[in-house]
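Asker:
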Amino acid sequence: MARKTLETYGKIDVLVACAGIWIPGQNLIECSDESWDKVIDTNLKGTLLCCQAVGKRMIEQQRGHIVNITSILATRGLWNSVAYCASQGAVSGAFHPHPGPSTSNVTWAPYGGSFSRTSLSRTAAFSALTVGGRRSES
3 MARKTLETYG
13 KIDVLVACAG
23 IWIPGQNLIE
33 CSDESWDKVI
43 DTNLKGTLLC
53 CQAVGKRMIE
63 QQRGHIVNIT
73 SILATRGLWN
83 SVAYCASQGA
93 VSGAFHPHPG
103 PSTSNVTWAP
113 YGGSFSRTSL
123 SRTAAFSALT
133 VGGRRSES
(Lines of atoms letter the chains of each structure in order from A and count residues from 1; the text may use other names and numbers.)
(Lines give C-alpha, C1' and ligand atoms only; values in the text may rest on other atoms or scores of the structure.)
Protein backbone atom coordinates (compact mmCIF):
# COMPACT_ATOMS: atom_id res chain seq x y z
CA MET A 1 0.00 0.00 0.00
CA ALA A 2 2.69 2.51 1.00
CA ARG A 3 4.91 1.56 -1.94
CA LYS A 4 2.04 1.91 -4.45
CA THR A 5 1.06 5.28 -3.01
CA LEU A 6 4.66 6.51 -3.26
CA GLU A 7 4.96 5.23 -6.84
CA THR A 8 1.73 6.98 -7.82
CA TYR A 9 1.97 10.27 -5.89
CA GLY A 10 5.59 10.57 -4.77
CA LYS A 11 4.67 11.27 -1.15
CA ILE A 12 2.32 10.19 1.62
CA ASP A 13 0.40 12.92 3.41
CA VAL A 14 -2.04 10.93 5.51
CA LEU A 15 -2.86 7.42 6.72
CA VAL A 16 -6.27 6.61 8.16
CA ALA A 17 -6.15 3.21 9.83
CA CYS A 18 -9.74 2.10 10.25
CA ALA A 19 -9.91 -1.34 8.67
CA GLY A 20 -10.70 -4.30 10.85
CA ILE A 21 -12.61 -7.52 11.08
CA TRP A 22 -15.03 -8.91 13.66
CA ILE A 23 -15.98 -12.55 14.05
CA PRO A 24 -19.20 -12.69 16.07
CA GLY A 25 -19.99 -15.40 18.57
CA GLN A 26 -16.44 -15.72 19.87
CA ASN A 27 -16.62 -15.63 23.66
CA LEU A 28 -13.66 -16.26 25.92
CA ILE A 29 -14.26 -20.00 26.16
CA GLU A 30 -15.20 -20.69 22.53
CA CYS A 31 -12.76 -18.42 20.69
CA SER A 32 -10.58 -20.63 18.50
CA ASP A 33 -6.88 -20.04 17.89
CA GLU A 34 -7.68 -19.50 14.21
CA SER A 35 -10.29 -16.82 14.93
CA TRP A 36 -8.07 -15.09 17.49
CA ASP A 37 -5.07 -15.02 15.13
CA LYS A 38 -7.13 -13.77 12.19
CA VAL A 39 -8.63 -10.87 14.14
CA ILE A 40 -5.40 -9.90 15.95
CA ASP A 41 -3.31 -10.14 12.76
CA THR A 42 -5.75 -8.00 10.80
CA ASN A 43 -6.72 -5.41 13.38
CA LEU A 44 -3.56 -5.02 15.46
CA LYS A 45 -0.68 -6.23 13.32
CA GLY A 46 -2.17 -4.62 10.21
CA THR A 47 -2.32 -1.26 12.00
CA LEU A 48 1.25 -1.65 13.22
CA LEU A 49 2.64 -2.52 9.78
CA CYS A 50 0.79 0.35 8.08
CA CYS A 51 1.92 2.87 10.69
CA GLN A 52 5.53 1.67 10.40
CA ALA A 53 5.61 1.80 6.60
CA VAL A 54 3.95 5.18 6.34
CA GLY A 55 5.58 6.62 9.47
CA LYS A 56 9.07 6.00 8.12
CA ARG A 57 8.25 7.95 4.97
CA MET A 58 6.60 10.77 6.92
CA ILE A 59 9.71 11.12 9.08
CA GLU A 60 11.82 11.39 5.91
CA GLN A 61 9.38 13.98 4.51
CA GLN A 62 9.24 15.73 7.91
CA ARG A 63 5.49 15.96 7.41
CA GLY A 64 2.40 13.77 7.55
CA HIS A 65 -0.63 12.67 9.53
CA ILE A 66 -1.64 9.27 10.90
CA VAL A 67 -5.17 8.76 12.17
CA ASN A 68 -6.05 5.51 13.98
CA ILE A 69 -9.72 4.80 14.59
CA THR A 70 -10.92 2.27 17.16
CA SER A 71 -14.24 1.03 18.46
CA ILE A 72 -15.67 1.86 21.86
CA LEU A 73 -15.13 -1.85 22.47
CA ALA A 74 -11.48 -0.95 23.08
CA THR A 75 -12.59 0.01 26.59
CA ARG A 76 -15.90 -1.81 26.97
CA GLY A 77 -15.89 -5.51 26.34
CA LEU A 78 -18.60 -7.45 24.58
CA TRP A 79 -19.16 -10.99 25.81
CA ASN A 80 -19.21 -12.60 22.34
CA SER A 81 -16.36 -10.64 20.75
CA VAL A 82 -13.27 -11.37 22.83
CA ALA A 83 -10.68 -11.18 20.01
CA TYR A 84 -12.18 -8.01 18.53
CA CYS A 85 -12.28 -6.26 21.92
CA ALA A 86 -8.70 -7.32 22.65
CA SER A 87 -7.49 -6.05 19.27
CA GLN A 88 -9.23 -2.70 19.70
CA GLY A 89 -7.86 -2.31 23.23
CA ALA A 90 -4.36 -3.11 22.00
CA VAL A 91 -4.56 -0.56 19.16
CA SER A 92 -5.87 2.04 21.58
CA GLY A 93 -3.16 1.33 24.11
CA ALA A 94 -0.30 1.20 21.63
CA PHE A 95 -1.20 3.91 19.14
CA HIS A 96 -3.50 6.40 20.85
CA PRO A 97 -1.95 9.16 22.89
CA HIS A 98 -2.74 9.30 26.57
CA PRO A 99 -1.82 11.98 29.08
CA GLY A 100 1.76 11.56 30.19
CA PRO A 101 4.32 9.13 28.77
CA SER A 102 2.88 6.46 26.51
CA THR A 103 4.08 4.11 23.82
CA SER A 104 3.07 6.58 21.10
CA ASN A 105 4.63 9.63 22.73
CA VAL A 106 7.88 7.86 23.54
CA THR A 107 8.12 6.34 20.06
CA TRP A 108 7.35 9.46 18.01
CA ALA A 109 8.64 12.29 20.22
CA PRO A 110 12.22 12.13 18.86
CA TYR A 111 10.79 12.76 15.37
CA GLY A 112 8.82 15.86 16.30
CA GLY A 113 5.49 14.05 16.57
CA SER A 114 2.55 15.65 18.30
CA PHE A 115 -0.74 13.99 19.24
CA SER A 116 -4.37 14.56 19.92
CA ARG A 117 -7.17 12.23 20.99
CA THR A 118 -10.79 12.85 20.12
CA SER A 119 -14.00 10.98 20.74
CA LEU A 120 -15.98 10.91 17.51
CA SER A 121 -19.10 9.47 19.06
CA ARG A 122 -20.19 7.01 21.68
CA THR A 123 -18.91 4.20 19.45
CA ALA A 124 -15.50 5.29 18.16
CA ALA A 125 -12.42 7.32 18.97
CA PHE A 126 -9.44 8.38 16.94
CA SER A 127 -5.95 9.61 17.54
CA ALA A 128 -4.00 11.84 15.24
CA LEU A 129 -0.25 11.96 14.89
CA THR A 130 1.33 14.89 13.15
CA VAL A 131 4.95 14.78 12.02
CA GLY A 132 6.24 18.28 11.29
CA GLY A 133 3.88 21.17 10.70
CA ARG A 134 0.56 21.53 12.44
CA ARG A 135 -2.46 19.28 12.59
CA SER A 136 -5.34 20.86 10.75
CA GLU A 137 -8.74 21.03 12.42
CA SER A 138 -11.86 20.20 10.42
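Using the working numbering, the first residue of the sequence shown is number 3, and each one after it goes up by one. The C-beta atom is built at its ideal place from N, Cα and C for all residues, glycine as well.
Over the uninterrupted alpha helix (DSSP H) stretch that includes S94, give me the two end residues.
Answerer: Residue 94 sits at position 92 when you count from the first residue of the sequence shown. Segment 84-97, the alpha helix (DSSP H) holding S94.
Asker: Between N29 and V84, which are expected to be in contact by the criterion C-beta below 8 Å, what is the C-beta distance as a whole number of angstroms?
Answerer: For this step, residue 29 is matched to residue 27 along the sequence shown. For this step, residue 84 is matched to residue 82 along the sequence shown. Yes, they are in contact, since the Cβ atoms of N29 and V84 sit about 6 Å apart, within 8 Å.
Asker: Relative to the C-alpha of S89, which residue among N45, D15, I25, R5 is closest?
Answerer: Locating residue 89 in the sequence shown gives position 87, where the first residue counts as 1. Of the candidates N45, D15, I25, R5, the one whose C-alpha sits nearest the C-alpha of S89 is N45.
Asker: Determine the direct distance from the alpha carbon of I31 to that of M3, and round the result to whole angstroms.
Answerer: Position 1 of the sequence shown holds residue 3. Position 29 of the sequence shown holds residue 31. Computed Cα separation, rounded: 36 Å.
Asker: If you measure between the beta carbons of G66 and V16, is that distance less than 8 Å?
Answerer: Stepping through the sequence shown from its first residue, residue 66 is reached at position 64. Stepping through the sequence shown from its first residue, residue 16 is reached at position 14. The answer is yes: Cβ separation under 8 Å.
Asker: Under the DSSP definition of a beta bridge, which residues are partnered with V142?
Answerer: What is shown of the chain runs 3 to 140, which leaves residue 142 out entirely.
Asker: Have a look at D35, G79, R5, I14 and flag the residue whose alpha-carbon is nearest the alpha-carbon of Q63.
Answerer: For the purposes of this step, residue 63 is identified with residue 61 of the sequence shown, where counting begins at 1. Comparing Cα positions, the closest option is I14.
Asker: Roughly how many whole angstroms lie between the Cα atoms of T77 and Y86?
Answerer: Taking the first residue of the sequence shown as 1, we reach residue 77 at position 75. Taking the first residue of the sequence shown as 1, we reach residue 86 at position 84. If I take the Cα positions, the gap works out to 11 Å.
Asker: Does the Cβ of S34 have 16 or more other Cβ atoms within 10 Å, making it buried, or fewer, making it exposed?
Answerer: Within the sequence shown, numbered from 1, the residue matching residue 34 stands at position 32. Answer is exposed; the Cβ neighbour count stays below 16.
Asker: When we look at the beta-carbon of A21 and count the other beta-carbons within 10 Å, is it buried (16 or more) or exposed?
Answerer: Locating residue 21 in the sequence shown gives position 19, where the first residue counts as 1. Per the 10 Å Cβ criterion, exposed.
Asker: Counting along the chain, where does the alpha helix (DSSP H) carrying I31 start and finish?
Answerer: Here the question's residue 31 lines up with position 29 in the sequence shown. Unbroken run through I31: none, as it is neither H nor E.
Asker: Mapping the DSSP letters down to three states, classify Q54 as helix, strand or coil.
Answerer: Here the question's residue 54 lines up with position 52 in the sequence shown. It is helical.
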